[in-house]
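This report refers to the structure that appears directly beneath it.
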Amino acid sequence: MMTKINRKSIDTIVKETGLTYDDYAAINDDNRYELANGQLELMSPAPSVNHQLVSFEIT
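All you need for the working numbering is the position in the sequence shown, starting with 1, plus 19.
Written as structure tokens, this is what we have:
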């Protein structure tokens with residue numbers, strides 16, 4: 020059973036050891052992240068459904 024990680028914990032783990040996939044999977048803060056070489060990068064939010072529908076119509 021994995022323990023959920025909060026933002027303060029994330030900052031501490033990244034500074035001290037880098038993150039593992041298990042650390043990444045335990046993050047639960049409604050943001051999208053990318054894990055690369057132990058570093059956590061905040062990603063842009065996903066496009067909305069309306070945005071994708073309009074994009075599909077104009078292509």
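Idealized CB from N, CA, C, for every residue including glycine.
Under three-state DSSP, which class holds residue i?
i          : result
residue 72 : helix
Taking only the alpha-carbon atoms, compute the straight-line gap between residue i and residue j and give it to the nearest angstrom.
i          : j          : result
residue 63 : residue 56 : 19 angstroms
residue 74 : residue 51 : 22 angstroms
residue 43 : residue 54 : 7 angstroms
residue 66 : residue 45 : 24 angstroms
residue 61 : residue 68 : 21 angstroms
residue 71 : residue 78 : 11 angstroms
With respect to the beta strand (DSSP E) encompassing residue i, which residues constitute its N-terminal and C-terminal limits?
i          : result
residue 55 : 52 to 55
residue 61 : 58 to 61
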